[in-house]
Amino acid sequence: MSEQGSSQGNQYPPDPELSKTANARPEMKEQGLEEFWDEQAKQRIDWFEPYETVLDWQLPYAKWFVGGKLNACYNCVDRHVEGGKGDKVALHVVPDDGSDSADAHDITYAQLQRQVVKFANGLKKLGVGKGDAVGIYMQMIPDAVVAMLACARIGAPHTVVFGGFSGKAVDERCTDFGAKVLITQDEALRGGKAGAQKKNADDGLSADTTIEKIVVVKRTGGDVPMTDGRDVYYDDLVADLDDDPSSCPCEPMDAEDLLFLLYTSGSTGKPKGVVHTTGGYLTGVTTTTNLVFDVKDDSVYWCAADIGWITGHSYITYGPLANGLTSVLYEGVPGYPDKDVWWKIIEKYGVTILYTSPTAIRSHMKWGEQYAQSRDLSSIKILGSVGEPINPEAWEWYRKYVGGGSAPIMDTWWQTETGHILITPLPGITTLKPGMAQQPFPGVKPEIRDDEGNALGLNQPGNLVLTQPWPGMMRGLYKDDERYRDTYWSKYSDAYFAGDGAKYDDDGDIMLMGRIDDVTNVSGHRISTFEVESALVEHELVAEAAVAARRDPDTGQAIVAFVSLVGENQGDDELKQTLREHVATQIGKLARPAELIFAHDLPKTRSGKIMRRLLKNIAEGEELGDTTTLVDPSVVEVMQKQVNPT
Ligand code: 6R9
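Residue numbers (the working numbering): 17 to 662.
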């Protein structure tokens, strides 16, 4: 097996200059769990009333900063204005048509405060108060961030449903949470096209919905259906409302009061409502934003995720704003209006920190480096990656063409459930290894265990667990204690089971190997689908690859590889053979795909995640379930034809 990402691969020691100035200090890892977080919570968060106890840990439920009172919106907005930073830009708003757009504009912290106050007064007018659930179903427009903060301001927990989901998904989640008010926008604008948003929400409303009011923010001004008495345009709702901060003070919240629910899909059953509370979550995201991305007062930060996912919650809204940063808020999609739109944004605003996903990086790779090379990206200091393991090839490309050959890449491992980053290199401290998240964040105690619960040593793949609590960890699944215990705390009685495979390399650095169910077993040998994918994308003709396993009477499982090729190449039998042999030489014959399937793209959701369940179904020749969340459902048909020629 190849040791990609291990000590035998490339290594990049930290720049000594960065080590001198970096916010993260090596000594932090020596601090005790409670000592470290106590110090961070006191230094980074403004508490209305101090907490009495740092941690109350009754496995599997943690309480952090017990007795403390605070408000997340106050920490993200008001305190910066009160502290004299009202004129600092909070958000560089970049609309769908890119940074050259006439609609591009900046929002300062003082302006953000007034917008949030007005929104919060609007919610109050609708009867929303402390503890009342609110649904948010929007695209990447500033009003979405304002809406989240307005909820936090008045103590109303939000649940954001990804704007690309169906109305049914919205209703299901909002009704589970008991939300009476839904905030949405008239239409979505993506890639130059207006699409339904409010209408989707309408179409999804069930007979037993809890939603009573729908607030509609105007984005396109398009004509959308409005139901009298239920629906109201945001502009009309707030027309005569105050935006003076004194008209709507920040509600003092208990550290353990609900800040939001975020629904995430499990391997079975209905979506899980992951519970996040105020004090621990805010401390966790504020600290990790600061230390992992080494943010300074003059940083220009861009997290190119979507607020509908946890990455958007933690690293677009709460983490950066609590740090008083200037961020880019980008509505659009990569590649529109031009393939260099991302690089233009970085050039225009002098972005110093870019945080994105391996999938996005691979899209840019596929289009070619000429787009990045045509722009001045010299402002970039730190790069981040999240969402899936990053193959070393994409890592190297990212560093070379976006990071000017020198920017350190933080490959951050975490989950909706963990709330914030837990395994990551740190700027100025960690010697980087492409494709590995490497090291626990201070206070985080990972272990890699076998199925029997034995702790594993170097180079032994196993299950990633966490043996100590952290502040942003979920406080359970909404109204489902049993599922919480079952999913995360039953495999091992004393540790959090993350559902990811991992191993230590020769130096004890952690390499994530994908979800446990993405690890295949061919003839009794464990092979990470990710390792095969990495090998495939190292081939010059391969743009992207995803691997699934199907049952095999001889070897237990057999590997099926799905490949999209660079440029217009359609692929043929000869290339299939070449690629199979390429994998065999890169990893070993065991990893050679039994079958190789070409298509123009991989089946991806709009959040950019490959739908692996579908790949498995295709590989097995099974019925496919719901394919409506795919960006391009035709990909699946092209693939199926090759597996089952008709
Ligand atoms: C933040 C986020 C969580 C799952 C997680 C793991 C995968 C995320 C990763 C990574 C390898 C990384 N994952 N970051 N795998 N390296 N740096 O993505 O949350 O949407 O809940 O997904 O994503 O498999 O278990 P979420």
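Beta carbons are placed, not taken as given, at the ideal position from N, Cα and C, and that holds for glycine.
- Boundaries of the beta strand (DSSP E) around Y249: D247 to Y249.
- Taking a cut-off of 7 Å from the heavy atoms of the ligand 6R9, the residues with a C-beta inside it are T280, W325, I326, T327, S401, V402, G403, E404, P405, I406, D427, T428, W429, W430, Q431, T432, E433, A453, A514, G515, D516, L528, G530 and R531.
- Between the segment 481-492 and the segment 507-518 there are three or more inter-stretch CB-CB distances shorter than 8 Å, so the stretches are counted as touching.
- The way I'd put it, the segment 546-557 does touch the segment 391-410; three or more beta-carbon pairs between them come closer than 8 Å.
- Y520 and P462 have their C-alpha atoms spaced approximately 11 Å apart.
- It is roughly 14 Å from the alpha-carbon of F178 to the alpha-carbon of V647.
- Secondary structure note for I634: its alpha helix (DSSP H) is the uninterrupted segment R628 to E636.
- Runs of the beta strand (DSSP E) spanning 3 or more residues and lying entirely within the segment 398-456 occur at 398-402 and 425-428, in chain order.
- Under the 10 Å beta carbon count, K397 is surrounded by 16 or more other beta carbons and is classified as buried.
- Relative to the Cα of K134, the nearest Cα in the group K146, I152, M156 and L165 belongs to L165.
- Here the segment 317-329 does not lie against the segment 447-458, with fewer than 3 beta-carbon pairs under 8 Å apart.
- Membership of A388 in the alpha helix (DSSP H) is indicated by the continuous run Q386 to Q389.
- Taking a contact to require three or more Cβ pairs closer than 8 Å, the segment 189-196 and the segment 110-122 do not qualify as touching.
- L595 places its beta carbon less than 7 Å from that of L612.
- Within the segment 510-569, the complete beta strand (DSSP E) segments of 3 residues or longer fall at 512-520, 526-531, 535-538, 541-544 and 558-568, listed in chain order.
- When C-alpha distances from C266 are compared across T571, D94, I464 and V231, the shortest belongs to D94.
- Taking a contact as a CB-CB distance under 8 Å, the pair L345 and L442 does not count as one, their CB atoms being some 26 Å apart.
- As computed with DSSP, F578 is found in a beta bridge with A562 and I613.
- In this model, A38 and K312 are separated by some 9 Å (Cα to Cα).
- Contact between the segment 30-48 and the segment 464-479 is not established, with fewer than three Cβ pairs separated by less than 8 Å.
- Collapsing the DSSP output to three states places Y317 in a strand.
- Assigned with DSSP and collapsed to three states, A40 falls in coil, not helix or strand.
- Annotation: Q593 is outside any beta strand (DSSP E); the continuous alpha helix (DSSP H) that includes it extends over D589 to Q602.
- Contact between E560 and S580 holds, with the beta-carbon distance rounding to 5 Å and staying under 8 Å.
- H329 and P487 have their C-alpha atoms roughly 16 Å apart.
- Relative to the Cα of S262, the nearest Cα in the group T503, A565, N137 and K229 belongs to N137.
- Closest in C-alpha terms to A600, from the list E547, P32 and V651, comes E547.
- Membership of V133 in the alpha helix (DSSP H) is indicated by the continuous run Y125 to K141.
- Here the segment 290-298 makes contact with the segment 424-439; the two share three or more CB pairs at distances below 8 Å.
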